[in-house]
Ligand code: B12
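In the numbering used here, the protein residues as written are 127 to 346.
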């Protein structure tokens, strides 16, 4: 698939305009032409949203357009990408482990986290998704309740990063830090941030998140 650049430009314009039909059709055609749903997500959806983020930052667009774009992407995910990802691995029934996922307190971004959850599920993990805006104490309490094997956190707002550290500090304070490998991701993070927050590792994409979770549990 060599023409991602032109597809991505077209996709960006469709989601900015809230043109669900065009965005869904572009995704369907790409899959029919042989792209995998994950390839479409990583090469088209994700960079288009990054592009929209940049335009928002430079005041070329405003919040309502970012909301429209996000809503249109959710429709594409619901109608095309999620079912295709689920179908691509149907039939796998092993359980590699249980992963808690949450977008941290103050942060409502969940498009990336949801893709991570879906990819983990189709790759054999059980996922406990706590949603968005989850306070550190709730993350720790649910990890204990659900006896998860890994804690995964997402943040796109840099102001919310300290809540990731709070989770690791809470775990330390309860003397259970070693029980829970912690993986973080989201546009506000990178590997050095993971170290700063006291997490074990970082996932830069949903696919990398799956590989890192396998590594954390010694399943690679
Ligand atoms: C869509 C969007 C929104 C939507 C969110 C809808 C939704 N349901 O998620 C809406 C319109 C609601 C929104 C609101 C806001 N947003 Co916003 N938003 C974006 C935008 C354009 C795209 C985000 C996205 O979905 N990207 C695509 C996904 C696939 O990428 P991703 O989340 O990074 O996930 C991938 C990886 O990071 C990884 N990953 C993600 N999570 C995890 C977790 C684990 C465990 C692992 C392993 C991996 C992993 O895997 C994913 C798949 O590959 C970004 C721009 C950007 N550069 O990110 C701004 C952006 C994040 N938003 C921003 C801002 C400022 C806001 C608002 C404050 C705006 C306002 N004035 O109100 C509010 C905040 C609301 C809140 N409290 O959270 C800023 C943040 C700046 C900063 N440095 O903190 C950005 C960067 C835009 C910008 N450049 O200014 N936003």
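C-beta atoms are modelled at their ideal positions from N, C-alpha and C, and glycine is treated no differently.
Here the structure is a predicted model, which is why all the values come from computation and not from measurement.
Cα-Cα separation, residue i to residue j
i, j, result
"residue 344", "residue 337", "10 Å"
"residue 259", "residue 235", "9 Å"
"residue 322", "residue 151", "42 Å"
"residue 202", "residue 211", "13 Å"
"residue 240", "residue 246", "10 Å"
"residue 200", "residue 310", "22 Å"
"residue 254", "residue 266", "13 Å"
"residue 189", "residue 220", "42 Å"
"residue 316", "residue 158", "34 Å"
"residue 145", "residue 198", "7 Å"
"residue 209", "residue 149", "16 Å"
"residue 278", "residue 334", "13 Å"
"residue 222", "residue 138", "36 Å"
"residue 147", "residue 305", "47 Å"
"residue 248", "residue 167", "15 Å"
"residue 320", "residue 229", "15 Å"
"residue 185", "residue 300", "45 Å"
"residue 346", "residue 340", "6 Å"
"residue 289", "residue 264", "11 Å"
Same chain, Cβ closer than 8 Å to residue i, neighbours up to 5 away in sequence not counted
i, result
"residue 134", "169, 170, 173, 174, 177"
"residue 187", "142, 178, 181"
"residue 294", "303, 308, 323, 324, 325"
"residue 238", "172, 280, 282, 311, 312, 313, 332"
Own chain, CB closer than 6 Å to residue i, minus 5 neighbours either side, in chain order
i, result
"residue 303", "297"
"residue 292", "262"
"residue 182", "192"
"residue 130", "169"
"residue 163", "207, 210, 211"
"residue 195", "141, 142, 178"
Start-to-end residues for the alpha helix (DSSP H) that takes in residue i
i, result
"residue 279", "Counting along the chain, residue 279 falls outside any alpha helix (DSSP H), though it belongs to the beta strand (DSSP E) covering 276–280."
"residue 150", "146–158"
"residue 325", "No alpha helix (DSSP H) contains residue 325, which DSSP labels as neither H nor E."
"residue 293", "288–299"
"residue 174", "172–183"
"residue 220", "Neither: residue 220 is in no alpha helix (DSSP H) and is coded neither H nor E."
"residue 137", "130–142"
"residue 198", "189–202"
"residue 167", "Residue 167 -> no alpha helix (DSSP H), and no H or E assigned at all."
Host beta strand (DSSP E) of residue i (start-end)
i, result
"residue 252", "251–255"
"residue 224", "223–229"
"residue 311", "308–311"
7 Å Cβ shell around residue i - same chain, five flanking residues per side excluded
i, result
"residue 154", "206"
"residue 342", "276, 307, 309, 326, 327"
"residue 250", "218, 220, 221, 222"
Closer than 8 Å to chain D by CB, residue i
i, result
"residue 213", "The structure shown has no chain D; it contains just one protein chain."
Short Cβ contact (8 Å threshold) for residue i with residue j
i, j, result
"residue 227", "residue 242", "yes"
"residue 285", "residue 329", "no"
"residue 224", "residue 270", "no"
Distance cut-off 7 Å: residue i Cβ against heavy atoms of the ligand SAM
i, result
"residue 135", "Among the ligands in the structure shown, the ligand SAM does not appear; only the ligand B12 can be found there."
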